[in-house]
Amino acid sequence: MALLAYALAGLVAVVGVLSAVLVGQAPDMAGYVGTALALGLFSVVLGVLVARRRPHNVVAPLLVLVGASPVWVAFGDLYTKVAEVRPGLLPVWDWYVAFSPGTWMVLYVPAALLMLYFPDGRLLGPRWRWVVVGLVAVPLAFAAGAAGDPAAYPAPFAGVRHPYTLSGWIVFLVLALLPVFLGLLVASVAAMIVRYRRAADPVSQAQVKWFALGALFLPATLLLCWASYLFTDSPNLVLAGLAATFVALPAATAIALLRHDLYDVDKAMSAAATYGLVTAVLLGFYTVAAFLVGLGAGGTSPVAAAAATAVCAAVLAPLRVRLQRRVDRRLYPARRAALAAIEVLGDRTHAGEASPEQLEEVLRTALRDPGLRVGYLVPGESGLVSASGAALAVGDSLRVPVRAGGHEIGALLRGTVGSRSLLRELADAAALLVELVAVRIELRQALSDVESSRTRLLQAGYAERRRLERDLHDGAQQRLVSLGMSLRLAQRHLGDGTVDVDGLLDESVASLGLAVAELRQIANGLRPSSLDDGLGPALSSLASKVPIPVALDVCADPVPDDVATTAFFVASEALTNAVKHASPGSIGLRVARLDGRLTVRVSDDGAGGAVVRPGAGLAGLADRVAAAGGLLSLTSPSGRGTVVEVVLPCAS
């Protein structure tokens, strides 16, 4: 089929070149011939393109034949014109002259065959072969019968001899072929309707709809003809309609085969049908108004008729929305059902009878797409999540963002049904519900985080109490008990000289010093004593003990003690983690106070890749910060260092 399409395209190109050469002999036909060649070659180019992408599909050569129709008609008219103005320049074949008047049927055959074989290149069944045979045989029989008409040929072929003549009853049979051919054309249209009803997959349905959208230019051409007779008293506008049809039908066919999801064809068909009906109503009203004004005024009055039509248009304007809805129910049921379902869900949610999390189920039912998913964007998550808060895998699904206030809050993920245009419209309609679900997910996660944080803080408190109990029991408590026993022994043997009291007292003083040091160390874990001099000196002392250079920048403003304690532990934990895990060359510690907030920022140029893991130091630090009403953020790309930033409320 691809080779056939290329051969036919080459033949059309040859006829086009001949036409371009001959038009120099009839310059007044240059515009007509140029337009016909442009329209024909447009369809030919599309046919070649389809042949390259679908080399086994008969649609490709049929598209080339559709483009050949205006080229052949223009060549025939140009041939006649040149034969008239330049007699003897071109050869005149009596057979060509005889058959030309009856070949007009052939111009309809490619489009009819296209309707029979579109989109997969196969007929609906064996019985449809008779329609194909009829579309080929009837035009040939009609052309052969017309060639036998004994009437004289018009100028400039008046002197051409008839190759043969037919009797009257045979001419009658030839004329009887006209309704037969009309029936074949109707059968071709019926084939498209049957094919659409039999289409089981959305792709085939969309392809047939694209073809039907191109075919809608035929009734649009009739409307142009009507308007042309009303306003210009001639059918000149029909030429514009036919030209648009020769562009629209091949373009729609190529789009259907190669890019059926380029645009929402249902939306385009619905809009075209709606505006076509409105235009027909306005033209009908103008016709009636012009007739009535003519009866009343005794003559025509275009101004009065136009004014009456303008009034009709103003009346129809609010009715167009209702008309659009009615057309949508017929031609675009998915859009109407989905928009209505979203509206109903919104009303039921407002009344407390439904939950916005049902949006996905509602859209699946309305669009008949069980694979459709609704994703939500919430803070703290790197991608889309479902209504339950679980991570949602996007894959290669068509993703249409849902926006509110200029920000993306979620997305619709297509399963198998629905164009990008339709999903965008549904995304706009469902934005409020998506935003509500996203807020609810965020709230659930926040409550869950608070509950988990409280549990971790409680467990950390218990662990800290056990540690203190163990440290006191194993350290200072044991030393103090031992000190008491030593002092009691010294008391008992103070007078008999059997015990070295001086040495015993020296040991007791040493033990007391160790006990005090251990108690200070324990107390420093609860609240560093260095904070008595302020946050700045405490952090300076902390940085001086780090074996890596620390660039310190601490504000001089006084900070409340509870905030200073939290800030100190943040800095201590972040510095410890940097030294222990990141192997940095330098560390930066910056503390700033602005607008009632204290910001602690610890950065390093180490290995990066740090994450907040449950039970780890950063997780406990995040809980401590959250308990103080603050927020901890961690930025740690692998190989590019780590930044720990904490913002704490710090009212004066």
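13 is the number of the first residue of the sequence shown in our numbering; add one for each residue after it.
Glycine included, every Cβ here is placed at the ideal spot set by N, Cα and C.
If you're wondering where the values come from, they're calculated on a predicted model, not measured in any experiment.
{"Item": "Beta-carbon proximity list for alanine 203, same chain, < 7 Å, skipping 5 on both sides", "Value": "Met127, Leu128, Leu136 and Trp140"}
{"Item": "Length of the line joining the Cα atoms of alanine 19 and phenylalanine 111", "Value": "24 Å"}
{"Item": "Coil, strand or helix - serine 398 by DSSP", "Value": "coil"}
{"Item": "Cβ pair count under 8 Å reaching 3, the stretch 77-97 against the stretch 256-268", "Value": "yes"}
{"Item": "Cut-off 6 Å between Cβ atoms - residues of its own chain near serine 650, not counting five sequence neighbours on either side", "Value": "Gly620 and Gly621"}
{"Item": "For aspartate 607, three-class secondary structure by DSSP", "Value": "coil"}
{"Item": "Where proline 99 falls, given that 16 or more other Cβ within 10 Å makes a residue buried", "Value": "exposed"}
{"Item": "According to DSSP, residues forming a beta bridge with isoleucine 599", "Value": "Val562 and Asp616"}
{"Item": "Through-space distance from leucine 660 to leucine 4, alpha-carbon basis", "Value": "Look at the range of the chain in this structure, 13 to 664, and you will see that residue 4 is not part of it."}
{"Item": "The stretch 382-393 in contact with the stretch 356-366 per 3-pair CB rule at 8 Å", "Value": "no"}
{"Item": "Those residues which DSSP pairs with serine 556 across a bridge", "Value": "BP columns for serine 556 are empty, so no partner."}
{"Item": "Closer than 7 Å: phenylalanine 54 CB and nearest the ligand SAH heavy atom", "Value": "The ligand SAH is absent from the structure shown, which contains no ligand whatsoever."}
{"Item": "Chain-order list of residues whose beta-carbon lies under 7 Å from that of alanine 442 (same chain, five-residue window excluded)", "Value": "Ile354, Leu371 and Val414"}
{"Item": "Beta-carbon contacts of glycine 146 that lie in its chain and below 6 Å, excluding the five residues immediately before and after", "Value": "Leu196"}
{"Item": "Of the listed residues Glu585, Leu34 and Leu351, nearest to alanine 95 (C-alpha basis)", "Value": "Leu34"}
{"Item": "Closest residue to valine 121 among Leu644, Ala86, Val198 and Gly46 (Cα-Cα distance)", "Value": "Val198"}
{"Item": "Alanine 156 versus arginine 426: straight-line alpha-carbon distance, rounded", "Value": "56 Å"}
{"Item": "For arginine 385, three-class secondary structure by DSSP", "Value": "strand"}
{"Item": "Residues that DSSP places opposite glycine 422 in a beta bridge", "Value": "Tyr388 and Val414"}
{"Item": "Boundaries (first-last residue) of the beta strand (DSSP E) holding proline 661", "Value": "654-661"}
{"Item": "Euclidean distance between Cα positions of serine 31 and leucine 51", "Value": "14 Å"}
{"Item": "Stretch-stretch touch, CB-based, cutoff 8 Å, three pairs: the stretch 592-602 with the stretch 631-647", "Value": "no"}
{"Item": "Three-state secondary structure assigned by DSSP to leucine 16", "Value": "helix"}
{"Item": "Alpha carbon of alanine 252 to alpha carbon of arginine 64, nearest angstrom", "Value": "31 Å"}
{"Item": "Buried/exposed call for lysine 93, threshold 16 Cβ in 10 Å", "Value": "buried"}
{"Item": "Glycine 618 beta carbon less than 8 Å from that of alanine 586", "Value": "no"}
{"Item": "Valine 571 versus Arg613, Cys662, Leu189 and Asp359, residue with shortest Cα-Cα distance", "Value": "Cys662"}
{"Item": "Beta-carbon proximity of leucine 404 to leucine 396, cut-off 8 Å", "Value": "yes"}
{"Item": "Span separating the alpha-carbon of leucine 633 from that of serine 615", "Value": "16 Å"}
{"Item": "When Thr588, Phe581, Asp512 and Val637 are compared against leucine 654, the one with the closest alpha-carbon", "Value": "Sequence inspection shows threonine at residue 654; the leucine mentioned does not correspond to that position. Looking at the Cα atoms, Thr588 is the closest of the given residues."}
{"Item": "CB contact flag (histidine 68, methionine 117, <8 Å)", "Value": "no"}
{"Item": "In DSSP terms, what threonine 647 is bridged to", "Value": "Val655"}
{"Item": "Inter-residue spacing [alpha-carbon to alpha-carbon] between alanine 350 and arginine 209", "Value": "22 Å"}
{"Item": "Cβ separation of leucine 435 and leucine 424, assumed to be a contact under 8 Å, to the nearest whole Å", "Value": "5 Å"}
{"Item": "Aspartate 635, buried or exposed, once every other Cβ within 10 Å from all chains shown has been counted against 16", "Value": "buried"}
{"Item": "DSSP-derived helix/strand/coil call for alanine 32", "Value": "helix"}
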